[in-house]
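**Q** I am attaching a structure below and will ask some questions about it afterwards.
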Amino acid sequence: MRVKKCLAMFAVMFILCLSVLPSFASAENIDILKGKFGARTDGSDYSGENVGGNNEVGLKLDATYSNVVAMRFLYTPTKADKLYLEFRYKGKEAQTISIGSLYSNQKKSIGQLIEMPIVKDKLFDMVVVKNSDGSPVMIYEMSVFVNNQVILDEITNLNAIEGANDVSFTWENPVNPTFSGVSIYKDNEFLKTVDKSVNTYKVEGLEGNKNYNFKFVATYEKGMSNGIQKGIKTLVDPKTIPPSPVSSLTAEPTDKTVKLKWKKPKDDDLAGFKILQNGKQIAEIGLEEEFTVKNLQSLTDYTFGVI
Numbered sequence: 000m001r002v003k004k005c006l007a008m009f010a011v012m013f014i015l016c017l018s019v020l021p022s023f024a025s026a027e028n029i030d031i032l033k034g035k036f037g038a039r040t041d042g043s044d045y046s047g048e049n050v051g052g053n054n055e056v057g058l059k060l061d062a063t064y065s066n067v068v069a070m071r072f073l074y075t076p077t078k079a080d081k082l083y084l085e086f087r088y089k090g091k092e093a094q095t096i097s098i099g100s101l102y103s104n105q106k107k108s109i110g111q112l113i114e115m116p117i118v119k120d121k122l123f124d125m126v127v128v129k130n131s132d133g134s135p136v137m138i139y140e141m142s143v144f145v146n147n148q149v150i151l152d153e154i155t156n157l158n159a160i161e162g163a164n165d166v167s168f169t170w171e172n173p174v175n176p177t178f179s180g181v182s183i184y185k186d187n188e189f190l191k192t193v194d195k196s197v198n199t200y201k202v203e204g205l206e207g208n209k210n211y212n213f214k215f216v217a218t219y220e221k222g223m224s225n226g227i228q229k230g231i232k233t234l235v236d237p238k239t240i241p242p243s244p245v246s247s248l249t250a251e252p253t254d255k256t257v258k259l260k261w262k263k264p265k266d267d268d269l270a271g272f273k274i275l276q277n278g279k280q281i282a283e284i285g286l287e288e289e290f291t292v293k294n295l296q297s298l299t300d301y302t303f304g305v306i
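Note that numbering that gives the first Met the number 0 has the sequence shown beginning at 0, numbered continuously upward.
Right, here's the structure in full:
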């Protein structure tokens, strides 16, 4: 009878274990440290990795994540209360937690799974194990679970130099190892995807004095970022700007001639002047500031202009 009772108890325990483990094994959560550190990667329950006293070990992730929903740590000595897990984003601290305090507050033993929002709404691309105690700590298992949502980094420091008919862009590419390039759009129209080694692009054939909206989307091996937008306005095309008028126009008539004199404008692209008589062009000259109209009739009214 005793044997049967033991067998019955074993059967109950086995069923309970099976019912508990799959509850968290959801497709919505992934262990971002799996196979990276202290995870018994060789299959032995006795293998681990050592974090020396007053030392730290940084684990660079393959992508950017947020919202840690669960974690599991197994380490010795189990009373190590100076073991911390620091989450960093682009080299800066996002959040730090005390592993020992977390287990103590949750009233769980070291090695058990803690299911709760541990890191909320914080981006991180690196996890650092920090041991601030003078004695080393051996870590046998370390798991950090996040929602299966990868945040794909955008390009940064996007700048534009506008011309009359073009615009030149420069930017900094993400450091994510799965980054593959940048797709560029103009007013929602796809222009080109440049390689991951490229961080400049020039758009030509634009109209002068016009607003445009550009979008830059970072592409990755398994997806693309939301993209960032930049609005620009091209410069006024100097070819479309009429020249400034001449000033101080005077006329010195004789019986058959009129000498016209003026002050030229300070336009950089000024090429010359047209002489008008009664609204019709009679001559085109260079950058001189006077012109003599000949073969006129005496005692006759004339209207002259210089443009």
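Yeah, the Cβ is synthetic: ideal placement off N, Cα and C, and Gly gets one too. Only a predicted model underlies this, so the values are computations on that prediction, with no experimental measurement involved.
How is Pro-237 classed by DSSP in three states: helix, strand or coil?
**A** Looking up residue 237 in the sequence shown gives position 238. Three-state DSSP puts Pro-237 in a helix.
**Q** How would you write the range of the alpha helix (DSSP H) that Asn-104 sits in, first residue to last?
**A** Here residue 104 refers to the residue found at position 105 when the sequence shown is read from its first residue. First-last of the alpha helix (DSSP H) with Asn-104: 98 to 104.
**Q** Starting from the C-beta of Asp-165, find all residues in its chain whose C-beta is less than 7 Å away, skip the five residues before and the five after it, and write them out in chain order.
**A** Here residue 165 corresponds to residue number 166 of the sequence shown, with the count starting at 1. These residues qualify, in order along the chain: Lys-201, Val-202, Glu-203 and Leu-205.
**Q** Three or more C-beta pairs closer than 8 Å, one from the stretch 143 to 151 and one from the stretch 48 to 68: is that the case here?
**A** Flag = yes, the stretch 143 to 151 and the stretch 48 to 68 touch.
**Q** Assuming Tyr-74 and Ile-113 make a contact with CB atoms under 8 Å, what is their CB distance in whole Å?
**A** Along the sequence shown, read from residue 1 onward, the residue named residue 74 stands at position 75. Along the sequence shown, read from residue 1 onward, the residue named residue 113 stands at position 114. Contact flag wrong, Cβ pair sits at about 14 Å.
**Q** Just to confirm before moving on: does the CB-CB distance between Glu-288 and Lys-262 stay below 8 Å?
**A** Reading the sequence shown from its first residue, position 289 is the one you call residue 288. Reading the sequence shown from its first residue, position 263 is the one you call residue 262. Contact flag set, yes.
**Q** Considering only C-alpha positions, which residue in the set Ala-93, Gly-278 and Gly-230 is nearest to Ser-167?
**A** Looking up residue 167 in the sequence shown gives position 168. Comparing Cα positions, the closest option is Gly-230.
**Q** Determine whether the beta carbon atoms of Val-136 and Leu-84 lie at a separation below 8 Å.
**A** Residue mapping note: residue 136 aligns to position 137 of the sequence shown, counting from 1. Residue mapping note: residue 84 aligns to position 85 of the sequence shown, counting from 1. No; because the gap between Cβ atoms is not below 8 Å, this pair is not in contact.
**Q** Using only alpha-carbon positions, find the residue among Gly-133, Gly-222 and Gly-90 that is nearest to Thr-177.
**A** As a position in the sequence shown, residue 177 is number 178, starting the count at 1. Taking only the C-alpha atoms, the option nearest Thr-177 is Gly-222.
**Q** Got a sec? Which residues, its chain only, sit under 6 Å from Lys-35 by beta carbon, not counting five neighbours each side?
**A** For this step, residue 35 is matched to residue 36 along the sequence shown. Closer than 6 Å at the Cβ level, and outside the excluded window around Lys-35, lie Leu-58.
**Q** CA-CA distance, Lys-119 and Tyr-219?
**A** In the sequence shown, the residue the question calls residue 119 occupies position 120. In the sequence shown, the residue the question calls residue 219 occupies position 220. If you take the alpha carbons of Lys-119 and Tyr-219, they lie about 25 Å apart.
**Q** Quick one: what's Tyr-64 bridged to in DSSP?
**A** Residue 64 sits at position 65 when you count from the first residue of the sequence shown. In the DSSP output, where bridge partners are listed per residue, Tyr-64 has Phe-123.
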